[in-house]
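Visitor: I have a structure here, written as structure tokens, and I will follow up with some questions on it.
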Amino acid sequence: MVDPINYLIGRGETLVQPIKLASGGGEKAHPYSFDEALARLQPELEKVSEAIEALPDLACPNGEAVISLTLHPSYLAKTYHPTRLLNELGLRQVGSREQRVLPQKWTQKEAPTEPLVAPELFIAGNRKRLASFGRLVRAAGEGGVHDDFRKIEHLKPLGLERVGRISGDESMPPLEIVLHADSSEVWGDDVLRGFYQWCRDLGIDADFSRRQQVGGLAFLGFHAPRQAIVEMAQFTFLRAVRRMAQLSFRDGEMRASPTAETFPVRFVDEDPVDTELRVAIFDGGLPAEHPFPSCVVGREAPGVTAPTPAGLRHGLQVTSALLYGPLAEGELPPTPYAAVDHWRVLDEDGDDFELMTTLDRIMDVLEQNTYEVVSLSIGPDEALFDDDVHVWTSRLDQFAASGKTLIISAAGNNGSMDVDTGLCRIQPASDGVNVLAVGAADQSGESWARAGYSARGPGRSPGLVKPDILAFGGSEDEPFFTADAIGIARGVTGTSFAAPAAARLGLGLKALFGSQLSPLAVKALLVHHAACDEHSQLDVGWGRVPSQLDDVATCLPGEATVVYQGVLEPARYRRFLLPVPTDGFGGTVTLRATFVTATAVDPEDAINYTRTGVGITFRPKTTGHPGYTTFKGVTKERAAHQSKAFFGKSALFETEQTLRDDAQRWEATLKASHSYRPSTLDQPVFDIEHLARANGQAAPRGEAVQYALIVTIAERGSNNLYNRIVRSYAGRLQTMRPQVEIPIRTRS
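Residue numbers for the sequence shown, in full-length UniProt numbering: 1 to 748.
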């Protein structure tokens, strides 16, 4: 008799209910009094005033200027935003980024010895008011303005720190210019007009034809005389100017390294398992004749000219990796799970600004078509910026914020570059919070590590754990074999192939379960089943994903994996019940959980990039009286049952963000695993608080946010936990049913 297959358990969202919980914290200890803050900041206020008054009128559109205001590191949370100060002085925040400062004074017993993370806010307003900042604060009188002013650690005018390293010796280098210019506001148009006039006055031909608008930022690309760049940077609404990066596909160091190994392979021209499921690949195109005509349609983005031979070869190999995974000598390729639209977005006419043109082509296709999965193996040839979000990242993050499309991106092949300077870190757009970043493992078997070329973490916070996952990408010892021509497989290496290989696994889930799984749930399942195997999280993120669909689509007899998916409604708190069999547990219980949200983003606010956060509280027992607590000799009844840490800080947060107590609450992906004695669990729950912010300030929870929670419950010594849970929750939970025929083995 064949053992039944224990498929994933769905409809976990039927175990979710709204609740009311008390909230609030103690009184805040402030490092500085108002008088202390005013005295210590007086020299900086004077420098700000002098710098603003010295600016040329043309550099200040509509008579406005921008300054930098850095808060003390203890004021990172949204509740400490200096909203009252800005409102009462008629100023506004136009952006933010992470800064590291060593504060003059500290509120805790042990003062820090290293610089700490602090929010640097870009503050705009009438230049006369900014020049009189100190006088206006003094005149405001006691109250909100004074309370907010004492949160400030530093004030300064903007200077040449906004000019990045512009390598090369050309007299007219290609530049990427980033402006604080919100196109939804009148002042945003004033900034764009003002910058154009400022450039004309300097003799710079400012070409706005490539302009890309993302949130409160405008990205421009044009050539400018090298000697005029410093003067151009006097424009007060300039966020950054740097050399325009190249597309990684074109600079000779592609995210793929062909090897000399080949073998013959027989491709079977057949339909995919699910003919209705289509995935988009954006790459270099396909040759006129290729081995998979029934599964793949080659398409061209509007405006592309002739393809390049290197682009066609790379596109063919990437498509093969998505359809089949790594090919094996002497074996027929497996049946593809889904059909592919391969969009050629690269051509032979790529110029210095190809990066912007290519992104426009990708976004045009995405906005005019519907895809649940997208695979990217191209992108900017540079590591992520900590202080700014790349236009590739922010535009793709904004698109994926609906949760309806899973974007899977190669992490980059720069992993062997310098660690101290961060040149080895992941490349855009894989640093996106709504993008699944895939690095490469060097082996497909049990003994594996990060491939030496594969980009490393950490990401930017939020989005610190990057790459999200690893998949086999090939190495010199074990190449990744892909189609190279009809009847020929060639060994390659690169995150270019790890990403579509991971996408193939996700497509297998979508094909098998259809609409029972959202794209966000697929992302969560890939992260959930990734195994770190004691490797550094900086190298492997959450770990390497399995190579077989069985390992993510089914459960062992002694475990049950439950999928919760849906939307976080505007209600603040919701309780997620964790399934417990009616006869309880007999052996040690291991709970493994992964929580993923699709969040709107504020590209101009790098340090407060995500708009959605979650505060997750684990309560092992929720039956009976909640008990009592004693504080300073006073005993009170608990408002809720006692909690226990679950999604605690990862190793990366301990080392990189020690004092950012709320940082993990704004991460879009969380994962943890803990073991418990059976007696300590009685109707365990996750109480989840829905948090919202906008530009670093508190905001109403007005938008329903897509989420996916994956919970695996395993009981030591059990061989029937799966069936016990299914029986105990009959009518609520439901075993997912395959929608197509895919060979799946029973796990034991």
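Don't be surprised by glycine CBs; every beta carbon is placed ideally from N, CA and C.
Under the rule that 16 or more other beta-carbon atoms within 10 Å means buried, what is Gln664, buried or exposed?
Guide: buried
Visitor: Counting only runs of 3+ residues fully inside the region 702-732, write out the beta strand (DSSP E) ranges in chain order.
Guide: 705-715
Visitor: So does the region 471-484 actually touch the region 318-331, counting three or more Cβ pairs closer than 8 angstroms?
Guide: yes
Visitor: Kindly indicate the opening and closing residues of the alpha helix (DSSP H) around Glu331.
Guide: Careful: Glu331 lies outside any alpha helix (DSSP H) and carries neither H nor E.
Visitor: Output the boundary residues of the beta strand (DSSP E) element that contains Ala455.
Guide: Where Ala455 is concerned, there is no enclosing beta strand (DSSP E), because DSSP gives it neither an H nor an E.
Visitor: What's the C-alpha gap between Pro225 and Gln234?
Guide: 15 angstroms
Visitor: What would DSSP say about Arg75, mapped onto helix, strand or coil?
Guide: One detail in the question is off: residue 75 reads as Tyr in this sequence, not Arg. In this structure, Tyr75 counts as coil in the three-state DSSP scheme.
Visitor: Do you know whose CA, among Gly457, Gly439, Ala401 and Ala449, lies nearest Thr421's CA?
Guide: Gly457
Visitor: In whole angstroms, what is the alpha-carbon distance linking Gly432 and Pro603?
Guide: Going by the C-alpha atoms only, they are around 11 angstroms apart.
Visitor: Just to confirm my understanding: we take Ala471, look at its own chain, exclude 5 residues before and 5 after, and list those with CB closer than 6 angstroms. What are they?
Guide: Val438, Ala498, Ala501, Ala502 and Val545
Visitor: Determine the extent of the alpha helix (DSSP H) in which Glu231 is found, giving its start and end residues.
Guide: Ile229 to Met232
Visitor: DSSP beta-bridge partners for Pro264?
Guide: Ile488
Visitor: Check this for me: beta carbons of Glu667 and Gly350, under 9 angstroms apart or not?
Guide: no
Visitor: Does the separation of the CB atoms of Ala429 and His390 fall below 9 angstroms?
Guide: yes
Visitor: Spatial neighbours of Gln213 within its chain, please: C-beta separation below 6 angstroms, excluding the five flanking residues on both sides.
Guide: Ser183
Visitor: With a cut-off of 8 angstroms, do at least 3 Cβ pairs link the region 509-524 to the region 355-365?
Guide: At 8 angstroms Cβ cutoff, the stretches do not touch.
Visitor: Run through DSSP, which three-state label would Ala124 get?
Guide: strand
Visitor: Check for me: the beta strand (DSSP E) holding Pro174 runs from which residue to which?
Guide: Pro174 to His180
Visitor: Within its chain, find whatever has a CB closer than 8 angstroms to the CB of Ala645; leave out the 5 residues flanking it on each side and keep chain order.
Guide: Phe618
Visitor: In this structure, does DSSP put Leu659 in helix, strand or coil?
Guide: With a pLDDT of 42 at Leu659, under the threshold of 50, the modelled position of this residue cannot be trusted; read the value that follows with caution. DSSP places Leu659 in coil when its eight states are reduced to three.
Visitor: So Asp552 and Leu507 are supposed to be a Cβ contact under 8 angstroms. How far apart are they, rounded?
Guide: What sits at residue 552 in the sequence shown is Val, not Asp. The distance from the Cβ of Val552 to that of Leu507 is about 12 angstroms, inconsistent with a contact at the 8 angstroms cut-off.
Visitor: Flag this pair as yes or no: are the beta carbons of Arg727 and Thr582 separated by less than 9 angstroms?
Guide: yes
Visitor: Just to confirm the assignment, what range does the alpha helix (DSSP H) spanning Ser416 have?
Guide: From DSSP, Ser416 is part of no alpha helix (DSSP H); its letter is neither H nor E.
Visitor: Evaluate Lys128 with the Cβ neighbour count: other Cβ atoms within 10 Å of its Cβ, from every protein chain shown; 16 or more gives buried, anything less gives exposed.
Guide: Lys128 should be labelled exposed.
Visitor: At 3 residues or longer, and completely inside the region 14-68: list those beta strand (DSSP E) runs for me, N to C.
Guide: 16-18
Visitor: What is the DSSP secondary structure of Trp187, counted as helix, strand or coil?
Guide: helix
Visitor: By Cβ distance, which residues of its chain are closer than 8 angstroms to Glu231, with the 5 residues on each side in sequence left out?
Guide: Excluding positions up to five away in sequence, the list reads Leu202.
Visitor: Drop a sphere of 10 angstroms on the beta-carbon of Gly252, count the other beta-carbons inside from all chains shown, and report buried for 16 or more, exposed for fewer.
Guide: Reliability of the predicted coordinates at Gly252 is poor, the pLDDT of 34 falling under 50, and the value obtained from them is presented with this limitation in mind. It is exposed - the Cβ of Gly252 has fewer than 16 other Cβ atoms within 10 Å.
Visitor: Assuming Thr370 contacts Val273 (C-beta within less than 8 angstroms), just tell me the rounded distance between them.
Guide: About 20 angstroms; that fails the 8 angstroms criterion.
Visitor: Express the C-alpha separation of Pro700 and His690 in angstroms, rounding to a whole number.
Guide: Straight across, the Cα-Cα distance linking His690 with Pro700 is about 10 angstroms.
Visitor: Determine which residues share a DSSP beta bridge with Ile362 and list them.
Guide: Answer by DSSP bridge pairing: none, since Ile362 is not bridged.
Visitor: Just to confirm my understanding: we take Arg732, look at its own chain, exclude 5 residues before and 5 after, and list those with CB closer than 7 angstroms. What are they?
Guide: Arg11, Thr14 and Leu15
Visitor: Quick check on the DSSP output: the alpha helix (DSSP H) that includes Leu322 runs from which residue to which?
Guide: Pro309 to Tyr324
Visitor: Where Ala672 and Thr588 are concerned, what is the direct C-alpha to C-alpha distance, given to the nearest angstrom?
Guide: 17 angstroms
Visitor: Counting pairs of Cβ atoms below 8 angstroms between the region 29-49 and the region 137-153, do you hit three or more?
Guide: By the Cβ criterion, the region 29-49 is in contact with the region 137-153, since at least three pairs of Cβ atoms, one from each stretch, lie closer than 8 angstroms.
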